[in-house]
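Written below as structure tokens is the structure these notes are about.
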Amino acid sequence: MVHADWTLHPDRALPSDPVVRPIARTIVDQTLRLPIVSMHGHVDAGLLARDEPFPDPAALLVVPDHYLVRMLVSQGVPHDALGVPRLDGRPVETDPRAVWRTFASHWHLFRGTPTRYWMEHVLVDVLGVRERLSADSADRVYDHLVERLSDPAYRPRALFERFGIEILATTDPATSTLPDHAALAAEGWGEKVVPTFRPDALLHVARPGWRADVERLGAVTGTSIGSYRDLVSALEECRRAFVAAGARATDHGHLSADAVPLDDSVAERIVADALRGRVDDRDAAAFSGHMLFEMARMSTEDGLVMQLHPGVLRDHDPAVFAARGPDVGYDIPVPTEYVHALRPLLESFGHHPNLRLVLFTVDEDTFSRELAPLAGVYPAVRLGAPWWFLDTPDGMRRYREAVTDTAGLYNTTGFVDDTRAFCSIPARHDLARRIDAGFLARLVAEHRLDLDEAIESAVDLAYRIPREAYAAPKTGNAFPLEPALATAAKEHA
Amino acid sequence: MVHADWTLHPDRALPSDPVVRPIARTIVDQTLRLPIVSMHGHVDAGLLARDEPFPDPAALLVVPDHYLVRMLVSQGVPHDALGVPRLDGRPVETDPRAVWRTFASHWHLFRGTPTRYWMEHVLVDVLGVRERLSADSADRVYDHLVERLSDPAYRPRALFERFGIEILATTDPATSTLPDHAALAAEGWGEKVVPTFRPDALLHVARPGWRADVERLGAVTGTSIGSYRDLVSALEECRRAFVAAGARATDHGHLSADAVPLDDSVAERIVADALRGRVDDRDAAAFSGHMLFEMARMSTEDGLVMQLHPGVLRDHDPAVFAARGPDVGYDIPVPTEYVHALRPLLESFGHHPNLRLVLFTVDEDTFSRELAPLAGVYPAVRLGAPWWFLDTPDGMRRYREAVTDTAGLYNTTGFVDDTRAFCSIPARHDLARRIDAGFLARLVAEHRLDLDEAIESAVDLAYRIPREAYAAPKTGNAFPLEPALATAAKEHA
Amino acid sequence: MVHADWTLHPDRALPSDPVVRPIARTIVDQTLRLPIVSMHGHVDAGLLARDEPFPDPAALLVVPDHYLVRMLVSQGVPHDALGVPRLDGRPVETDPRAVWRTFASHWHLFRGTPTRYWMEHVLVDVLGVRERLSADSADRVYDHLVERLSDPAYRPRALFERFGIEILATTDPATSTLPDHAALAAEGWGEKVVPTFRPDALLHVARPGWRADVERLGAVTGTSIGSYRDLVSALEECRRAFVAAGARATDHGHLSADAVPLDDSVAERIVADALRGRVDDRDAAAFSGHMLFEMARMSTEDGLVMQLHPGVLRDHDPAVFAARGPDVGYDIPVPTEYVHALRPLLESFGHHPNLRLVLFTVDEDTFSRELAPLAGVYPAVRLGAPWWFLDTPDGMRRYREAVTDTAGLYNTTGFVDDTRAFCSIPARHDLARRIDAGFLARLVAEHRLDLDEAIESAVDLAYRIPREAYAAPKTGNAFPLEPALATAAKEHA
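Protein chains in written order, with our numbering: chain Y, 1 to 493; chain C, 1001 to 1493; chain W, 2001 to 2493.
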């Protein structure tokens, strides 16, 4: 069956309830056109620095999307057939059209998933596809996409402007010298694309590549790192370089949220062991918890917002990891504890005027039990958007329903897209704004909130709050208000 | 903007679905005017014994409300600015109007929270405010409130009658001699205001003030407490005094739900250590679990309903605790386990005809997994209302949706307000009745329940069940039916 | 009050939202008449082999239903009054009419529970009751039921046909020689009623009856089991017998999901200890985890689908267990961990083309955090239906809402009824189809799915997916399409 008229419904993802929907539409009309503030993502800055045409549809939309790859794998499609490279260089499917066909013929697997929702937005709204994806339409859609991607209007910077992105934060290893950001700054894009300091590789001392990364850190900072103190100094220097390059935040992916400081002597001993390649897992875990505490201390000094993403067991299948490396779909959430884990950090810095700690989770069981109560009292704590497996229509709704009671709306950060799929950034913000509008509309329909309050809150969640959340707490909101927002604000005043 | 017509919508907190709402309205019409049975709260009996005018609006509505204080603190308002006293006596804001202005100017923070919902009810319905709260209206609202509070119709007992409270249970330390309850009884209020026996301070032997409390216990009972046996005897004597004063229940706040009995010799040794000030945390935890078991045993003897509120880590920030003491917003829920923890207690007393054990939680993850299955088989167990961070519109809805499958409606206690904010008691019961009506109405709309059954169940949840739940199981329901209920019961028969 | 017109509403359990309901009705109209594929249940094959009339209404509907018994017990009805037998043979209520009256007079306890929903379906739709159950109608309903049960149209095989059951899998101990299945096969029912291999009794070596069961295993296989190797060989032989008798699957009820292999020498030592009656609990737990791993290995060899039902603490009250034995309502869920527990098994067999591992849970907190992410990447893993305390209208809805984001629809198994109540099989599948239709209809109403996709998915969930899920992965779907489905498929093509 050919669906020659694939479109996005203007009311998509709004509640179906006929009392709530018109209210939600009124609210979302005030937010859908606001600029996008994308303060946490995994887009490569080089993409924008080079501003080259995107490669083929498979390389753009299929191969690097681990949400998509994992679903196909779960139904028996081999990684090879999707063109996911092997570390040993053995051949995988290299024909992008073949990869695309495989994806298109499994389109039904994504029913009800966020991948379906985002991809539909990308294909229809960003790339102008008009025919529903299927095995039958795969080739026609592919040809259409190839044509579009050769059009200069579909290069990264043109899309960036079309998407209405005001600022985009990338995620960068601590040892990066940020050449792409420098190049962008030289072309006047420095305020638009900012780096984020991610030191994970250096904090997990039992990682196989840790010593190589420490050497890289030494090279970057022009120091020789032979001790814990050297390591801390070098990290502080790298943070200064990131701040100078416009960074607003750090990002920390740890298995647990533990942030328990060690005595310096213990930290020194663990680093010494690690430098000799003789650290055990227990010490390594203790050290990463200690360094989380240290990162909070550094944030109180340099004002970088601290983002913590705990609770994911990476690379669950060691054989797949050995064959393909990380980020191919085998990261699985585990139960995460925040209350005891963060207590030492919050005791020391939870009321510090310079700290903003943004907490994320993939364990929704902690929404009402731990995260909302912590964010609802500690001035330093904000709740990040529902993350990863939870940044879905129903996940975002459950998040608002579970955390608002205790944390309110203003202890959250608004939406954080966390995506590496550049073309899906507008889809993700669009969806989040629809879900927030639907949530607020229900409160209005239940006479728990007035409409003017709901509209103001929706604008705040979509735009003001993320800007404010990622401004250094020390310096206050450094962003000037965009004209678009000023208008929206006036309209519902 | 002046909102000169602030009112409460008659359909507030009912489901928006246009099929469900009229059914919910039909149901709630039968419950909103039923008397309030408030079997667990933290109102000071002295308030009613003295029956003096309430002080200023800040002292009545802001300073003692830890829900409210914690939200303002989370957004950077210092405790001092809210007039929350310091233990060292250093000055805090003492101008109630200034405190009120600070609160009013942050009113938007409470959007979507239960504080917003309750406070709106208190201001509009109880205190007759007609203008929406804001920085702008703060002073006018304040002046209005001051005027109302000077009116004798707004004294505690007058409000008690106006609220339609049939019975109010307070929470009182085990060592209290209950003078306020005696004074009330002497004035004919003995059936209306009853004490609840709370022995926590005496059961947690590692608490700094434990030995002082034990001395107080000795003084009150006229005994010298030099051993575990002495302690148990004194507690039993205090329970008898509470029973004589009309108590229906005990209340137990423990970090965990562990109720594992120790050998008497071990208990004796721990008490001996504690009396010498040399108890460790492990022994203290074991002892509190043992005493929970003992409290169940005593309940089988004196018929006091046993309420257990586990799973809150108190005073998460030690510096705040040192500066301001407890109950200023830093109590955070932790994961709570019930199935293993309560097994010894239930093995011994779970089928005892004299025990009623009411379980509360701040960990909603246990609703369907542990609490409903336990309450759905052990005759002694009832589920308390969703508690603290969960006694919200959405929290109460999720509770009914999660526990009813396995526990039904009749293994719950109906609503327990657990509030220290006297003026908000009607708001809380009103809200609970609306949520229950909405839940039942959905069952009717989905043809899973007939309307007459839903109405009868709603009346039961609002009135009959809490009365019955807190009547001693041994003696059966000691409350005579109120005329209001008899009428309601007739109407939907 | 006599309700002489007790009927089932055609829209029952569909969403009330007036936008969603008509869509849901359109969807469910395509699934309600599809054949029933009941791949996991606890109906006794002997029931169908003998095909005798059912005994009295109490023995059919009350006494063996532990959902029902536990609710009555929780409200103080003694097991004796329900006719639940005592192991010591002491008398319990033997008059089925008295048992029925006790049940009927407590009918209100089941409001909002699945027992209410299923029983209503059984009484009204299967057994033709026309008067609402109550203390008053108890005798009349009882007499009606007695009359029906004497009618040959209400014998097991007649009902089986009337229910539209295409295939029914029973659950059978590993040591069963499956005489009832053989008898059924001899009468042409071999494709309709198939066994399931349940080896639990032999894998939990600390069970009191373990050695007796091992002896039985030896007798059945004609071997002498004196070692771990003997045990494994005998189990493999029993599996072959089950496969020969038409079994599609194994079933494993373990306290935890641990599947960590031991060295053979350790396994040998534990079995040796166990055979001497000297095994401790830690070794027993390790061994059961090891055997789960072994069962996965065997499945890769013989193609039996592997079902894992972890997380239930059986027989919570030891006194009740001693008095009445298992399965009388005292099994309570506990928190369950899957990610670490299953890692070794999935590392070895998670991509094996011959393994299908179906995971169930009674801990809904794992839906989005662990189960959906695992099923959404490992080709071997499928999510079983929400189980036991969660196979309820709201439980099934929450399941779809929580797992679909990450696992999609096609990594679930469709509905698995898991019932021992033969007459309620249609009620359970009917309900599941309604809930799935409601879930899909909401996606359509929110413009997240097209109607034709929703209909196709609903048919898949109701019929195609369970057939496919329980076909051996090695052999592919062995079921030919039923005419009814072919028609439905054509209609919405």
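Quick reminder that beta carbons are idealized off the backbone N, C-alpha and C, glycines included. These numbers were taken from a predicted model, which means no experiment stands behind them.
| Check | Outcome |
| --- | --- |
| According to DSSP, is Y:THR171 part of a helix, a strand, or is it coil? | coil |
| Under three-state DSSP, which class holds Y:MET396? | helix |
| Residues of chain Y with CB closer than 9 Å to the CB of W:GLU2347, please, in chain order. | HIS316, ASP317, PRO318, ALA319 |
| How would you write the range of the beta strand (DSSP E) that W:ILE2506 sits in, first residue to last? | It is not possible to answer for residue 2506 of chain W, since the shown part of chain W is limited to 2001 through 2493. |
| Cutting at 7 Å between CB atoms, please list the residues of its own chain near W:TRP2006, excluding the five before and the five after it. | VAL2124, VAL2129, ARG2130, GLU2131, ARG2132 |
| Assuming contact is defined by CB atoms lying nearer than 7 Å, are W:ALA2219 and W:LEU2178 in contact in what I supplied? | no |
| Measuring straight from C-alpha to C-alpha, what distance separates W:ARG2448 and Y:GLU147? | 27 Å |
| Report the rounded CA-to-CA distance for C:GLN1075 versus C:SER1038, giving the unit in angstroms. | 33 Å |
| Applying the 10 Å Cβ sphere with the 16-neighbour rule, what's the burial state of C:GLU1294? | buried |
| Using a Cβ cut-off of 7 Å (strictly closer), state whether C:VAL1334 contacts chain Y. | yes |
| Select from C:LEU1159, C:LEU1014, C:HIS1009 the residue whose C-alpha is nearest the C-alpha of C:ARG1433. | C:LEU1014 |
| The beta strand (DSSP E) that contains W:THR2223, what's its start and end? | Counting along the chain, W:THR2223 falls outside any beta strand (DSSP E), and DSSP gives it neither H nor E. |
| Can you tell me whether W:GLU2131 is helix, strand or coil according to DSSP? | coil |
| Using the Cβ count rule (16 or more neighbours within 10 Å means buried), how would you classify W:THR2094? | exposed |
| Could you pull out every residue in the same chain whose Cβ sits closer than 7 Å to the Cβ of W:HIS2144, ignoring the five residues on either side in sequence? | VAL2129 |
| Please report the residue range of the alpha helix (DSSP H) in which Y:VAL73 lies. | 66-74 |
| Under 7 Å between beta-carbons, which chain Y residues line up against C:VAL1073? List them in chain order, please. | VAL377, PRO379 |
| For W:ALA2445, return the contacting residues in chain Y, with the cut-off set at a CB-CB distance below 7 Å. | SER16 |
| What residues in the region 1287-1308 of chain C have a beta carbon less than 9 Å from any beta carbon of chain W? | none |
| Just checking: is the beta-carbon of C:PRO1114 within a distance shorter than 7 Å of some beta-carbon in chain Y? | yes |
| Please report the distance separating the alpha-carbon of C:PRO1085 from that of C:LEU1068. | 15 Å |
| Using only the alpha-carbon positions, how far apart do C:ARG1116 and Y:ASP450 sit? | 12 Å |
| Kindly indicate which three-state DSSP category C:PHE1415 falls into: helix, strand or coil? | coil |
| Kindly list, in the order they appear in chain C, the residues whose Cβ is closer than 9 Å to that of Y:LEU145. | Correct list: empty, because the minimum Cβ distance to chain C is about 41 Å. |
| Span of the beta strand (DSSP E) holding Y:ASP251? | 249-252 |
| In the structure shown, what three-state DSSP assignment does Y:PRO466 receive? | helix |
| Whole angstroms are fine: how far does the CA of Y:ILE435 sit from the CA of Y:ALA183? | 37 Å |
| Which chain W residues are close to Y:ALA13, counting only those with a beta carbon under 8 Å from its beta carbon? | GLU2446, HIS2447, ARG2448 |
| Is the Cβ of Y:PHE163 closer than 7 Å to any Cβ of chain W? | no |
| In the DSSP output, what is C:LEU1313 paired with across the bridge? | C:ILE1332 |
| Going along chain W in order, which residues have a C-beta closer than 9 Å to the C-beta of C:THR1026? | Residues of chain W passing the Cβ test: none, with the nearest at roughly 14 Å. |
| In terms of residues, what are the limits of the beta strand (DSSP E) holding C:VAL1358? | 1357-1359 |
| Of all the options W:ALA2441, W:PRO2318, W:PRO2344, W:LEU2359, which has the alpha carbon lying nearest to the alpha carbon of W:VAL2260? | W:PRO2344 |
| State the Cα-Cα distance for the pair W:PRO2053 and W:LEU2061, rounded to the nearest angstrom. | 14 Å |
| Along the region 2396-2413 of chain W, what residues have a CB closer than 7 Å to any CB found in chain D? | Included in the structure are the protein chains Y, C and W, with no chain D among them. |
| May I ask which residues mark the beginning and end of the beta strand (DSSP E) holding W:ARG2382? | 2381-2383 |
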